[in-house]
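Number 18 in numbering that gives the first Met the number 0 belongs to position 19 of the sequence shown; there are no gaps in the numbering.
Each remark here refers to the structure printed beneath this line.
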Amino acid sequence: MNLLLMILGAVIVAVLIAFLIVKYLPLKLRWLPSVLLLLVAIFLGVKIYDGIMEPIKFEKEKVKKYVGVVESLKIIRDAQVKYFEVTGKYTKDKAGLINFVTNDSIALTETKTIVEQENKGGGIIVDVEKRVTDTIGYEPVLKYFKDRDYKNMFKVPGVEGAEFELEIGEVEKVQGLVVPTFRARTPKKGILDGMNVSLIKQELEAVETNQIKGEYVSVGSLEEVSTGGNWPPSYDRKEKGAKKE
């Protein structure tokens, strides 16, 4: 809108200058408005270029900011998933979750099929197959977080002093079956602070499938059973590409 108003204003000024030249200015002084018009044209060209490039620069910069945030949310998600495997629930205790990754272990199990004889009565004995799960050992949770900065996973990258919100809840998946849920998130506004205000406003209203939708960058949900994030697949590809480098 600002760019359109600037163009409209420049056109009006040019028309007025042209009118004044024809109406009042002596022939020997008409070079002065020409120089003025040239300067106006250069100024307007720069502004148009900046207006075109600003959204492009904003898009690139916001993606750079989001990549680190998404990576931290993935670490939180993976820690919650491992915690759920061990305890059957999620936690909102941030320090406790970090301690869990550092010190706890996950049971290694083996499932096998065995055959047992079952007496059906009347002297009838039949072979019955059963599946049995045994614990064969333990492995540290820390193994799954090698080279990942899990101790700082709740700090929002690039936003000084900010931490991710962490909440837990329950959802009735089917009648009578209540399932634990969790959600970690942070406002986009804080991540994008200092950037173009009007473009930030548009970003907070994003609904496109190739964008991070809504006002938050988040993982998990309190409304449905999900451990997914609200970012598009492109952020997963960027992470894989960065690791290869």
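Where is the CB? At the ideal position from N, CA and C, for every residue including glycine.
In this text, all values refer to a predicted model and were calculated from it rather than measured experimentally.
Limits of the unbroken beta strand (DSSP E) element including residue i
{"i": "Ile123", "result": "123-139"}
{"i": "Leu176", "result": "176-186"}
{"i": "Tyr215", "result": "215-219"}
Where residue i sits in the DSSP three-state scheme
{"i": "Asn118", "result": "strand"}
{"i": "Thr86", "result": "helix"}
{"i": "Gly95", "result": "helix"}
{"i": "Val68", "result": "helix"}
{"i": "Leu191", "result": "coil"}
{"i": "Val173", "result": "strand"}
{"i": "Gly44", "result": "helix"}
{"i": "Ser225", "result": "coil"}
{"i": "Glu257", "result": "Nothing about residue 257 can be read from this structure; the chain reaches only from 0 to 244."}
{"i": "Lys154", "result": "strand"}
{"i": "Lys81", "result": "helix"}
Contacts around residue i, its chain only, beta-carbon distance under 6 Å, and the 5 residues preceding and following it disregarded
{"i": "Gly218", "result": "Note that residue 218 corresponds to Val in the displayed sequence, not to Gly. Around Val218: Leu72, Arg76, Ala183, Gly228."}
{"i": "Lys81", "result": "Val140"}
{"i": "Gly136", "result": "Leu107"}
Close Cβ partners of residue i (< 7 Å) along its chain, the five nearest in sequence each way excluded
{"i": "Lys150", "result": "Ile97"}
{"i": "Gln210", "result": "Pro231"}
Limits of the alpha helix (DSSP H) - the one that residue i falls within
{"i": "Ile199", "result": "196-203"}
Residues near residue i by beta carbon distance below 8 Å, same chain, minus five either side
{"i": "Glu84", "result": "Ile105"}
Supposed close pair residue i, residue j - CB separation, criterion 8 Å
{"i": "Val127", "j": "Glu115", "result": "5 Å"}
{"i": "Val224", "j": "Val177", "result": "Contact doesn't hold; Cβ gap of about 10 Å is too wide."}
Is it a yes or a no for the segment 67-82 touching the segment 144-156, going by three-plus beta-carbon pairs under 8 Å? yes
Evaluate contact between the segment 103-116 and the segment 136-144, counting only Cβ atoms and requiring at least three cross-stretch pairs below 8 Å. yes
Assess, as a yes-or-no matter, whether the segment 106-120 is touched by the segment 180-196 under the definition of 3 or more beta carbon pairs within less than 8 Å. no
Do the segment 202-212 and the segment 84-98 touch if we need at least three Cβ pairs shorter than 8 Å? no
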